[in-house]
Amino acid sequence: MDYALDFENLKTKCLEEISKASSLKDLTELKNKYLAKKGEISLMMNHIREVEDKKAFGEMYNACRKSVEEALDIKIKEEENKKLIEDLKKEKIDITLPGNSYQRGSANPFYKIINEIEDIFVGMGYSVETGPEVDYDKYVFELLNIPHDHPARDMQDTLYIDNNLLLRSHTSSVQAHVMEKAKGQPIKIICPGKTYRRDDDDMTHSHQFAQVEGLVIDKNINLGNLKATLELFAKKMFSKDTKVRFRSSFFPFTEPSVEVDISCFNCKGKGCPLCKGSGWIEILGAGMVHPNVLKMSGYDPEVYSGFAFGIGIERVAMLKYGIDDIRRFYQNDLRFIKEFKKVKED
Ligand code: FA5
8 MDYALDFENL
18 KTKCLEEISK
28 ASSLKDLTEL
38 KNKYLAKKGE
48 ISLMMNHIRE
58 VEDKKAFGEM
68 YNACRKSVEE
78 ALDIKIKEEE
88 NKKLIEDLKK
98 EKIDITLPGN
108 SYQRGSANPF
118 YKIINEIEDI
128 FVGMGYSVET
138 GPEVDYDKYV
148 FELLNIPHDH
158 PARDMQDTLY
168 IDNNLLLRSH
178 TSSVQAHVME
188 KAKGQPIKII
198 CPGKTYRRDD
208 DDMTHSHQFA
218 QVEGLVIDKN
228 INLGNLKATL
238 ELFAKKMFSK
248 DTKVRFRSSF
258 FPFTEPSVEV
268 DISCFNCKGK
278 GCPLCKGSGW
288 IEILGAGMVH
298 PNVLKMSGYD
308 PEVYSGFAFG
318 IGIERVAMLK
328 YGIDDIRRFY
338 QNDLRFIKEF
348 KKVKED
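Be aware that the sequence shown starts at 8, since it is given in the working numbering, and climbs by one per residue.
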């Protein structure tokens, strides 16, 4: 018997039927018909008993089976692709339909200002530190040259957790923490954060507010460096033609101490209601780090000097955005926050 011819005919028949199949269902049926255990090709194997050259028979069987399997695989893939394309066509999304609109939030102006201040000082090589809001008397007062009986404590009365632990009344407390960590090495940091005071709330005062502390300690740091730094800050924060004025002041932890005013950007120094007719607006306190403070934190004031400043964040935001009342920052009124949607985020 000529099995070679049989295999050839069987293969031709299979391939023809496969090429004519037009669905995955047809192809599955063909697979069963020819390749399953009792399929026509599989059953051909029974004849191996009748032939002498079993090796040649086996090779013919395998070749036939392989061609059919390959043809089936190709055709199945084609059909699957066709089906996928048809399904995708059916599931087409109509993008012309109006979507659901979501309300987009916007950053609170308070945080916009913090980000802006951080960017300006990071650009000048400062790193950003954090410090505890609940802190020990030692850091908030004593290491800043404000001993227990010092009258400066009255101006910064705050909420006490116990005799020794309190809500910090200024971010200057971070100075002592940073100096302690730096162990006599140079420092160049800013630290934004919340502060608390026993102040009566009014348009410009709040019992909770925020400051950004700045501290630079190194050899040969002088008041000129402080002035140049704050001038650059004011120009970047407000406008290029902003002028800075130092007024003599007093803080127990700086000597000399200054209050820093900027020229009113609203009237360009001519005098207007915003600057109460003076042409200047106070934005921060600053000074050269007091030798006692340096000594208490392990720096030799003969070798090291430094400057520090404390900026009121809400006050800066109020000036920059024309906000009339500090209490608006804490009332969670969405109408207020939405006003700042269009303010540039960077
Ligand atoms: C201080 O707090 C000093 N620690 C600043 C300082 C740091 C001086 C480093 C020298 C060296 P003062 O009490 O003036 O200073 O506060 C600084 C700023 O915080 C003020 O200019 C103001 O913008 C803001 N501020 C103070 N009290 C309040 C308050 N109750 N509500 C809102 N802002 C306030």
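Note that CB positions come from ideal geometry on N, CA and C, so glycine has one too.
>> In the DSSP output, which residue or residues are listed as bridge partners for A296?
In response: Residue identity check: residue 296 is Val in the sequence provided, not Ala. Paired residue(s): T261.
> Exposed or buried, E321, counting other C-beta atoms within 10 Å across all chains shown (16 or more means buried)?
Replying inline: buried
> Shortest alpha-carbon distance to G294 belongs to which of G221, G191, E66?
Replying inline: G221
> Could you give the residue range of the beta strand (DSSP E) that holds D209?
Replying inline: Per DSSP, D209 belongs to no beta strand (DSSP E) and is neither H nor E.
>> For D33, tell me which candidate among E87, N115, M52, P259 has the shortest Cα-Cα distance.
In response: Per the Cα distances, E87.
> Using a Cβ-Cβ cut-off of 8 Å (strictly less than) and excluding sequence neighbours within five positions of V75, which residues of its own chain qualify?
Replying inline: K18, C21, L22, I25, Y41, L42, I48
> From what residue to what residue does the alpha helix (DSSP H) around G65 run?
Replying inline: 61-97
>> Pop quiz: K190 and V223 are said to be a contact at Cβ under 8 Å. What is the actual Cβ separation, rounded to whole angstroms?
In response: The pair is not a contact, with the Cβ atoms about 17 Å apart (cut-off 8 Å).
> Is any heavy atom in the ligand FA5 found nearer than 7 Å to the beta carbon of L326?
Replying inline: no
> What whole-angstrom Cβ distance do S113 and F347 have, given they're in contact under 8 Å?
Replying inline: 6 Å
> Do you know offhand how far L233's Cα is from F314's?
Replying inline: Taking the straight line joining both Cα atoms gives about 6 Å.
> Under the DSSP definition of a beta bridge, which residues are partnered with T103?
Replying inline: For T103, which the question treats as bridged, DSSP gives no partner whatsoever.
>> Excluding the 5 residues flanking E352 on each side, which residues of the same chain have their C-beta closer than 6 Å to its C-beta?
In response: Any reading at E352 is ruled out, since the residue's pLDDT is 46, under 50, leaving its predicted position unreliable.
> Quick one: Cα of E85 to Cα of L37, how far?
Replying inline: 15 Å
> Taking the beta strand (DSSP E) that A217 falls in, what are its first and last residues?
Replying inline: 215-225
> Where DSSP assigns a beta bridge to S312, which residues make up the other side?
Replying inline: D225
> Quick one: is M186 buried, meaning 16 or more other Cβ sit within 10 Å of its Cβ, or exposed?
Replying inline: Residue burial is scored here from C-beta neighbours: M186 has at least 16 other C-beta atoms within 10 angstroms and is therefore classed as buried.
>> Check for me: the beta strand (DSSP E) holding G112 runs from which residue to which?
In response: That residue, G112, is in no beta strand (DSSP E); it is neither H nor E in DSSP.
> Any heavy atom of the ligand FA5 within a distance shorter than 7 Å of the CB on S304?
Replying inline: no
>> Measuring alpha carbon to alpha carbon, tell me which residue in T178, Y203, P193, P154 is nearest Y167.
In response: It is Y203 whose Cα lies nearest to the Cα of Y167.
> Less than 7 Å between the CB of I290 and some heavy atom of the ligand FA5, yes or no?
Replying inline: yes
> Would you say the beta carbon of G138 comes nearer than 7 Å to a heavy atom of the ligand FA5?
Replying inline: no
>> Considering only heavy atoms of the ligand FA5, does any lie closer than 7 Å to the CB of K258?
In response: Residue 258 is actually Phe in this sequence, not Lys. Flag set: Cβ of F258 near the ligand FA5.
>> If I measure Cβ to Cβ from I16 and keep anything under 8 Å in the same chain, skipping five residues before and after, which residues do I get?
In response: Checking the sequence shown, residue 16 turns out to be Asn, not Ile. Cβ within range, chain order: n/a, list empty.
> Can you tell me the Cα-Cα spacing of V300 and E136, whole angstroms?
Replying inline: 19 Å
> When we look at the beta-carbon of S304 and count the other beta-carbons within 10 Å, is it buried (16 or more) or exposed?
Replying inline: Buried, by the Cβ-count rule.
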